[in-house]
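Peer 1:
Chains as they are written, first to last, in my numbering: chain D, 82 to 418; chain F, 82 to 418.
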């Protein structure tokens with residue numbers, strides 16, 4: 082049952098476990114260092130659909146269908162789907178998942194969505210509110226660029242601090258099991274806003290939220306960074322991850338070599354022209370489902386502190402002079418072989 | 082603890098209770114039949130802010146602050162806020178609530194958001210994942226019109242099936258208590274899409290979702306419509322509520338005089354030029370918090386089946402030829418004096 086642990090953390094004792102997972106991505110993601118670990122790579126950015134938005138919906142349908150198939154489950158066996166994305170009114174999720182015919186609880190956490198959906202699924206399963214839940218999210222470079230920035234045809238210059246929105250989706254199925262990768266603790270973050278207004282420097286806008294959540298988690302659980310085989314924020318990129326280290330140092334925690342960021346894992350920054358790294362809901366989602374969950378499953382990691390971050394802004398809020406609030410949710414995932 | 086009851090319903094036995102609530106609205110809502118029941122009416126559509134979006138954020142801050150004040154609570158005593166709205170990337174919620182400094186779990190359910198946020202709060206409290214949660218949502222006529230339809234200055238004609246987006250916000254605080262208005266059952270809906278494409282006929286697009294969820298709830302709980310003092314969908318308006326009655330009849334359930342719709346309660350259709358009725362996340366939220374919860378609290382209603390509905394579309398999905406998927410979540414609220 083979920084139990085409060087310290088001020089911000091909830092411990093889950095009823096063995097909510099990742100029963101299966103899948104990651105799908107686009108051509109650029111396929112060319113990156115994790116390319117071969119994806120369940121499927123789509124060379125066509127349209128996935129055969131008429132629009133990029135419909136293509137992003139197709140990514141969610143693909144990742145969830147593949148995750149269900151691996152567990153030998155049909156959609157009707159899921160009691161809830163927790164899903165969200167970056168598109169206005171969450172249309173990637175709604176239209177991608179509507180045929181599943183599963184009760185849908187739409188989530189919005191910007192690029193932290195994989196953490197938020199998985200946290201909700203784990204808490205629901207742990208509490209008995211559900212036996213089986215799906216958690217899924219996506220992003221698409223082309224839908225994000227035209228919604229948040231410029232038409233792709235405009236060919237706008239991107240500064241070094243900017244990140245590259247992943248064309249990818251990740252899905253997990255959470256149920257109760259004796260073995261597997263367990264969701265042991267969940268720490269939901271508070272909105273942190275340090276006044277950053279540069280839409281091309283999301284990493285810096287989100288880093289304070291990552292540091293806030295990490296510090297709360299360590300305090301609540303009376304642990305320290307080197308108690309974990311890996312701590313993966315996402316998607317702070319190079320600039321944000323450096324700032325996160327600094328902010329944690331100021332809070333009295335040293336993040337060692339076990340610290341990384343999903344935005345740094347998805348692409349090869351030296352050869353793939355992604356500037357500060359990857360971003361988008363699909364970045365941490367696909368890094369988790371293509372790379373990190375398999376490492377936990379194989380026992381190469383005994384535990385992982387998965388801490389996806391989100392920038393809770395819109396073009397309208399930025400045009401109206403607002404700064405960019407960040408959020409970060411932390412999940413402790415443990416390998417239980 | 083949350084316990085599955087039938088295929089779609091979860092029963093909550095640990096007394097998750099509405100500790101306090103508040104509703105705030107705009108001038109038109111103040112002139113409506115429920116006007117005097119609001120906690121505050123703001124004559125200025127800007128609430129002293131520079132933009133309508135910031136005004137909508139202010140509505141959320143106002144309603145939650147007033148709900149907390151009534152319970153003698155400070156924001157820091159809340160463990161989670163479940164919040165969402167209709168604006169792109171949920172900015173009304175993020176910017177309205179960021180200063181609360183409470184862990185935020187952003188929700189998206191379009192006009193069903195009050196039901197979704199309250200369901201999440203109740204399940205979290207029931208399970209022990211939290212002791213105190215807030216649930217809040219809002220809408221604003223001016224932000225919705227310019228985002229979903231036309232610039233207000235354009236003065237577009239509105240057909241008779243169209244609804245009027247409420248300028249309003251409702252907030253509830255959920256905790257455990259021996260007495261008060263209890264959330265006893267939650268039935269989360271599935272996306273239902275019957276192919277309606279008319280953005281000016283949302284009621285018809287959402288009615289099938291309301292009928293689907295109501296029928297599931299009655300089947301799961303082995304009850305019938307006249308077991309409830311009131312069944313309130315929201316916000317189907319006149320056209321959608323009629324269709325909901327017809328669809329329920331086809332499913333073998335007769336909705337009697339105890340059936341109403343939040344979109345029909347908020348405004349006086351004869352004198353307020355709202356065509357088919359009210360809509361927007363703030364409509365069912367403010368009808369609940371200004372009118373229905375007080376009736377439960379006073380014992381004038383022993384129970385209420387609160388069933389807010391949402392249309393999960395965006396202007397982009399409509400421009401790309403998609404139909405309008407609907408969703409509806411049902412909560413059984415019981416008066417425990």
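Quick reminder that beta carbons are idealized off the backbone N, C-alpha and C, glycines included.
CA-CA distance, residue 334/F and residue 303/D?
Peer 2: Each residue's Cα considered, the two are about 55 Å apart.
Peer 1: Would you report the Cα separation of residue 371/F and residue 121/F, rounded to the nearest angstrom?
Peer 2: 10 Å
Peer 1: Find the residues of chain D that neighbour residue 208/F, judging by a C-beta separation of less than 9 Å, and give them in chain order.
Peer 2: 82, 83, 204, 205, 207, 208, 209, 210
Peer 1: Beta-carbon of residue 199/F versus every beta-carbon of chain D: anything under 8 Å?
Peer 2: no
Peer 1: What separation, rounded to the nearest whole angstrom, lies between the Cα atoms of residue 355/D and residue 241/D?
Peer 2: Answer to the nearest angstrom: the Cα atoms are 9 Å apart.
Peer 1: What whole-angstrom Cβ distance do residue 186/D and residue 185/F have, given they're in contact under 8 Å?
Peer 2: Their Cβ separation, rounded to whole angstroms, is 16 Å, which puts residue 186/D and residue 185/F out of contact at 8 Å.
Peer 1: Which residues mark the beginning and the end of the beta strand (DSSP E) in which residue 385/F is found?
Peer 2: Where residue 385/F is concerned, the enclosing beta strand (DSSP E) stretches over 384 to 392.
Peer 1: With the cut-off set at 8 Å, would you say residue 258/D and residue 96/D are in Cβ contact?
Peer 2: It is a contact, given that the beta carbons lie within the stated cut-off.
Peer 1: Measure the C-alpha to C-alpha separation of residue 286/F and residue 224/F and round it to an integer number of angstroms.
Peer 2: 22 Å
Peer 1: So, does the CB of residue 161/D fall closer than 8 Å to a CB anywhere in chain F?
Peer 2: For residue 161/D, the answer is yes, since a Cβ of chain F falls inside 8 Å of its Cβ.
Peer 1: Starting from residue 182/D, find everything on chain F with Cβ-Cβ shorter than 8 Å and list it in chain order.
Peer 2: What residue 182/D touches in chain F: 271, 272.
Peer 1: Only counting the same chain, and skipping five residues up and downstream in sequence, which positions put a Cβ closer than 7 Å to that of residue 413/D?
Peer 2: 265, 266, 384, 386
Peer 1: Decide if residue 403/D is buried, meaning its Cβ has at least 16 other Cβ atoms within 10 Å, or exposed.
Peer 2: buried
Peer 1: Can the beta-carbon of residue 126/F be found less than 8 Å from the beta-carbon of residue 164/F?
Peer 2: no
Peer 1: Does residue 171/D have its Cβ less than 8 Å from a Cβ in chain F?
Peer 2: yes
Peer 1: Let's see if you can read the secondary structure: which residues bound the beta strand (DSSP E) around residue 415/F?
Peer 2: 411 to 417
Peer 1: Taking residue 83/D as part of the beta strand (DSSP E), name the residues at either end of that continuous run.
Peer 2: That run of the beta strand (DSSP E) goes 83 to 86.
Peer 1: Indicate whether the contact test is met: 3 or more Cβ pairs, each with one atom in the region 340 to 356 of chain D and one in the region 313 to 332 of chain D, closer than 8 Å.
Peer 2: yes
Peer 1: Per DSSP, which one or two residues make a beta bridge with residue 245/D?
Peer 2: 359/D
Peer 1: At 4 residues or longer, and completely inside the region 281 to 317 of chain D: list those alpha helix (DSSP H) runs for me, N to C.
Peer 2: 283 to 302
Peer 1: Have a look at 179/F, 213/F, 173/F, 149/F and flag the residue whose alpha-carbon is nearest the alpha-carbon of residue 271/D.
Peer 2: 179/F
Peer 1: Any heavy atom of the ligand FMN closer than 7 Å to the CB of residue 367/F?
Peer 2: What this structure holds is no ligand at all, so the ligand FMN is not there to describe.
Peer 1: Can you tell me where the alpha helix (DSSP H) with residue 148/D in it begins and where it stops?
Peer 2: 133 to 152
Peer 1: From 135/F, 274/F, 100/F, pick the residue whose C-alpha is nearest to that of residue 397/D; which is it?
Peer 2: 135/F
Peer 1: Does the region 230 to 245 of chain D come close enough to the region 204 to 218 of chain D that 3 or more CB-CB pairs lie under 8 Å?
Peer 2: no
Peer 1: Along chain F, in chain order, which residues have C-beta atoms closer than 7 Å to that of residue 91/D?
Peer 2: Listed along chain F, the residues sitting closer than 7 Å to residue 91/D by beta-carbon distance are 210.
Peer 1: Kindly indicate if chain D contains any beta-carbon less than 8 Å away from that of residue 419/F.
Peer 2: Limits of chain F in this structure are 82 at one end and 418 at the other, which puts residue 419/F out of reach.
Peer 1: What residues are listed by DSSP as bridge partners for residue 161/F?
Peer 2: 214/F
Peer 1: Do residue 91/F and residue 255/F have their C-beta atoms closer together than 8 Å?
Peer 2: Not a contact, by the Cβ cut-off of 8 Å.
Peer 1: Could you name each continuous beta strand (DSSP E) segment of 3 residues or more that falls completely within the region 312 to 347 of chain D, going from the start of the chain to the end?
Peer 2: 340 to 342
Peer 1: Should residue 319/F and residue 350/F be called a contact, given that it needs their Cβ atoms to be closer than 8 Å?
Peer 2: yes
Peer 1: Determine the extent of the alpha helix (DSSP H) in which residue 192/F is found, giving its start and end residues.
Peer 2: That residue, residue 192/F, is in no alpha helix (DSSP H); it is neither H nor E in DSSP.
Peer 1: Of all Cβ atoms in chain D, is any one closer than 8 Å to the Cβ of residue 401/F?
Peer 2: Judged by the 8 Å Cβ criterion, residue 401/F is in contact with chain D.
Peer 1: I'd like the list of long-range same chain contacts for residue 118/F, defined as Cβ closer than 8 Å, with 5 residues on each side in sequence excluded.
Peer 2: Within the same chain, residue 118/F has close Cβ partners 104, 371, 372, 375.
Peer 1: Whose Cβ in chain F lies nearer than 9 Å to the Cβ of residue 393/D?
Peer 2: 170, 171, 172, 174, 175, 176, 179, 185, 187
Peer 1: Can you tell me whether residue 278/D is buried or exposed, with buried defined as 16 or more other CB within 10 angstroms of its CB?
Peer 2: It is exposed - the Cβ of residue 278/D has fewer than 16 other Cβ atoms within 10 Å.
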